[in-house]
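My numbering puts the sequence shown at residues 239 to 587.
Backbone N, C-alpha and C define an ideal beta-carbon position, used for all residues, glycine too.
None of the values given here were measured: they were computed from a predicted structure.
Report on the structure given below.
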Amino acid sequence: MTDAFIPKNIIVTGGCGFIGSNFVHYVYNNHPDVHITVLDALTYAGNLENIKPILGDRVEFVHGNICDAQLLDELVPGHDAIVHYAAESHNDNSIANPEPFVKTNVEGTFRLLEAARKYDVRFHHISTDEVYGDLALDDPAKFTEETPYHPSSPYSSTKASSDMLVRAWHRTYGLRTTISNCSNNYGPYQFPEKLIPLFINNIRNDRPLPVYGKGQNVRDWLYVEDHARAIDLIFHEGKIAETYNIGGFNEWKNIDLIKVIVKTVDRLLGRPEGASEKLITYVADRAGHDLRYAIDSTKLKEELGWEPTLQFEEGIEKTVRWYLHNQKWIDNVTSGEYQRCYQDMYNQK
Ligand code: NAD
Ligand code: DAU
239 MTDAFIPKNI IVTGGCGFIG SNFVHYVYNN HPDVHITVLD ALTYAGNLEN IKPILGDRVE
299 FVHGNICDAQ LLDELVPGHD AIVHYAAESH NDNSIANPEP FVKTNVEGTF RLLEAARKYD
359 VRFHHISTDE VYGDLALDDP AKFTEETPYH PSSPYSSTKA SSDMLVRAWH RTYGLRTTIS
419 NCSNNYGPYQ FPEKLIPLFI NNIRNDRPLP VYGKGQNVRD WLYVEDHARA IDLIFHEGKI
479 AETYNIGGFN EWKNIDLIKV IVKTVDRLLG RPEGASEKLI TYVADRAGHD LRYAIDSTKL
539 KEELGWEPTL QFEEGIEKTV RWYLHNQKWI DNVTSGEYQR CYQDMYNQK
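Right, dumping it as C-alpha cells:
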C-alpha cells in the first residue's frame with residue numbers, strides 16, 4: 239500500500255446526480271475536515287435537491303459545464319483533487335441521441351484532464367463495467383482489470399474513450415490518476431429512467447413495467463453507498479495509475495430482479511403479494527442490448543480490503559422504502575418541478 243493521500247479541498251463533478259450526490263453525502267458524513275466543491279451543469283439528470291440539506295461552509299455548489307475550459311481555469315486552482323462523476327449516463331438516451339455523450343463524456347473529461355494537468359491536481363475517474371462489453375449467460379468468466387475493452391453502446395464507447403484519455407494523461411504527462419469501473423448501482427436519488435426507480439414508481443402508480451426483450455439479460459447490482467465507500471478508499475489509498483473494478487458479486491437476471499421489486503413494493507403498499515406482476519409487459523429489446531455484466535472485484539478486496547457490506551435483499555428493501563417514503567422527490571422529478579430548486583435558491587440571493 240502507498241502512503242495515504244489526504245486531500246482537504248476536492249471538486250466532485252456531477253455531484254447532483256445519483257451516484258455523485260451519494261458520494262458527496264458520504265464524504266460530508268465521514269470527513270468533517272474536507273471541503274467539497276460540487277461542479278454540475280444540472281442537466282435533466284442533475285437535481286440540486288439531492289445535496290441541498292448539506293450545502294453550506296463545507297459543501298459549495300458551482301453551476302457549470304465540465305466542457306467550459308475558462309470556468310475550469312478559474313475553479314481548479316486551490317483544489318487538491320478532482321473526483322469525476324459527471325457524465326451522460328443512460329444507455330437508451332445514447333442510442334436515441336449520442337451527441338451529448340461524446341461532448342460530456344469525451345470532451346468534458348479531456349477538459350478536466352487538461353485543467354488537472356495545468357494545476358497539478360490528482361484525478362479520480364469514475365467509469366463503468368460496460369467498457370468491457372458483455373459476457374454469455376453461461377460463461378463462468380467475470381470482467382477483471384485485464385479484460386480487453388469491447389464497448390457496445392454509444393454510452394459505453396464514450397466511457398471507454400474517457401478511460402483511455404485518463405491513462406494517456408498519466409503516461410504522457412505524469413498526471414496522478416486512478417480509475418474505477420463499477421457495476422450497476424441502486425439506491426436513493428436515482429433518476430427514474432433507470433430500471434429500479436422506474437419500476438418502483440410505475441408499480442406505485444399501476445403503470446406497465448416495460449421489460450426489454452425476454453428479460454433474460456443479467457446485471458451485477460451494488461448498493462450505491464458501497465460504491466461511495468470504495469471510491470473513498472481508492473481515492474485515499476489506491477495506487478497511482480491503477481484501475482480497480484468494483485462490483486457486488488451479485489448477478490441477477492432482469493426478470494427475476496423485477497419480480498423481487500414487485501413483491502417488495504406490493505408488500506410495503508399492503509397489496510396482495512405479487513398482485514402487480516400483471517403490470518409486466520414485454521416490449522421490443524434495446525438495440526445492441528448487452529447480455530450479461532459480471533465484475534470481479536478481487537483486486538480491490540486484496541489490495542485495499544473493500545467488500546460490499548449490504549446484502550441484496552436488505553438493499554432492495556431499503557431502496558423501495560426510500561422511494562415510497564420520498565414520493566415528493568420522485569413526483570418533483572417526474573413532473574419537472576425539481577428544476578425549480580436551483581432557480582428558487584438563486585432568486586432568493
Ligand atoms: P446521473 O445521470 O444520475 O448524473 C450525472 C450528473 O452529471 C448529473 O448531475 C448531471 O447534471 C451532471 N452532468 C452531466 N453532464 C454534465 C456536464 N457537461 N457538466 C457538468 N455536469 C454534468 O449519473 P450516475 O448514474 O450518477 O452516474 C455517475 C457516474 O458513474 C457516470 O460517470 C457513470 O458513467 C458512472 N457509473 C454509473 C453507474 C450506474 O449504475 N448508474 C455504474 C457505474 C458507473
Ligand atoms: O453497468 C453499469 C451501468 O449500469 C452504468 O454504466 C450505466 O450508467 C447505468 O445506467 C447502468 O446501465 P444499464 O443499461 O444496465 O441500466 P438500466 O437501468 O438502463 O437497465 C438495466 C437493465 O434493465 C438492462 O438490461 C435494460 C433493462 N431495462 C431497463 C429499462 C430502463 C428494461 O428491461 N426495461 C426498462 O424500462
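Taking C-beta to C-beta, are residue i and residue j nearer than 8 angstroms?
{"i": "C254", "j": "N303", "result": "no"}
{"i": "R360", "j": "F243", "result": "yes"}
{"i": "A319", "j": "I417", "result": "no"}
{"i": "G252", "j": "A325", "result": "yes"}
{"i": "K501", "j": "G512", "result": "yes"}
{"i": "V272", "j": "P245", "result": "yes"}
{"i": "D528", "j": "S395", "result": "no"}
{"i": "V369", "j": "Y387", "result": "yes"}
{"i": "V571", "j": "N285", "result": "yes"}
{"i": "R467", "j": "Y264", "result": "yes"}
{"i": "K491", "j": "Q454", "result": "yes"}
{"i": "I568", "j": "I499", "result": "no"}
{"i": "I496", "j": "L447", "result": "yes"}
Among the residues of its own chain, which have a CB less than 6 angstroms from the CB of residue i, if the five just before and after it don't count?
{"i": "E298", "result": "T275"}
{"i": "N422", "result": "R457 and W459"}
{"i": "Y424", "result": "I434, W459 and T557"}
{"i": "I472", "result": "T416, S418 and Y482"}
{"i": "I292", "result": "Y266"}
{"i": "P336", "result": "P392"}
Going by other Cβ atoms of all chains shown within 10 Å of its Cβ, with 16 needed for buried, is residue i buried or exposed?
{"i": "K516", "result": "exposed"}
{"i": "H563", "result": "exposed"}
{"i": "T410", "result": "exposed"}
{"i": "Y520", "result": "exposed"}
{"i": "Q428", "result": "buried"}
{"i": "P426", "result": "buried"}
{"i": "G574", "result": "exposed"}
{"i": "G508", "result": "exposed"}
{"i": "A374", "result": "exposed"}
{"i": "D591", "result": "Here the chain covers residues 239 to 587 and nothing more, so residue 591 does not appear."}
{"i": "E489", "result": "buried"}
{"i": "D523", "result": "exposed"}
{"i": "T547", "result": "exposed"}
{"i": "D241", "result": "exposed"}
{"i": "A398", "result": "buried"}
{"i": "R578", "result": "exposed"}
{"i": "N329", "result": "buried"}
{"i": "D376", "result": "exposed"}
{"i": "N268", "result": "exposed"}
{"i": "D582", "result": "exposed"}
When you compare each of the options to residue i by their alpha carbons, which one comes out closest?
{"i": "P270", "options": "N285, G294, K432 and L280", "result": "G294"}
{"i": "A525", "options": "N331, Y370 and R405", "result": "N331"}
{"i": "I484", "options": "N439, A532 and P448", "result": "A532"}
{"i": "R442", "options": "Y561, K491 and H328", "result": "Y561"}
{"i": "D358", "options": "P546, F437 and L413", "result": "L413"}
{"i": "L506", "options": "I438, M402 and E489", "result": "I438"}
{"i": "V404", "options": "H465, D278, E552 and I364", "result": "I364"}
{"i": "H317", "options": "D278, T342, V250 and K380", "result": "V250"}
{"i": "S327", "options": "R530, L447 and P430", "result": "P430"}
{"i": "S535", "options": "D494, K397, D367 and Q581", "result": "D367"}
{"i": "F256", "options": "Y580, R578 and H465", "result": "H465"}
{"i": "L277", "options": "P338, H322 and K290", "result": "H322"}
{"i": "C420", "options": "V314, T382 and I333", "result": "T382"}
{"i": "R530", "options": "Q565, V449, A379 and K566", "result": "A379"}
{"i": "H362", "options": "K432, P338, D470 and R559", "result": "D470"}
In its own chain, which residues sit with a C-beta less than 7 angstroms from the C-beta of residue i, not counting the 5 before and 5 after it?
{"i": "H408", "result": "T415 and A479"}
{"i": "L538", "result": "A468, Y482, N483, I484 and W544"}
{"i": "T385", "result": "Y370"}
{"i": "L436", "result": "P430"}
{"i": "S259", "result": "G253, N288, I289 and Y427"}
{"i": "Y450", "result": "V521, D523, R524 and H527"}
{"i": "Y576", "result": "N285, E287 and N570"}
Can you give me the Cβ contacts of residue i inside the same chain, cut-off strictly under 8 angstroms, excluding the 5 residues immediately before and after it?
{"i": "D444", "result": "S514 and L517"}
{"i": "R296", "result": "Y266, P270, V272, H273 and I274"}
{"i": "Y580", "result": "L280, L286 and H301"}
{"i": "D504", "result": "I441, P510, E511, G512, A513 and S514"}
{"i": "D343", "result": "Sequence inspection shows Asn at residue 343; the Asp mentioned does not correspond to that position. Closer than 8 angstroms at Cβ, skipping near neighbours: A325, E326, Y393, T396, K397, S399 and S400."}
{"i": "C305", "result": "K341, T342, E345, G346 and R349"}
{"i": "V314", "result": "I249, I320, A353, A354, K356, Y357 and V359"}
Q.
Is it the case that the region 340-354 contacts the region 300-317, given that we only count it when at least three CB pairs across the two stretches are under 8 angstroms?
A. A contact is defined here as three or more CB-CB pairs under 8 angstroms, and the region 300-317 meets this definition with respect to the region 340-354.
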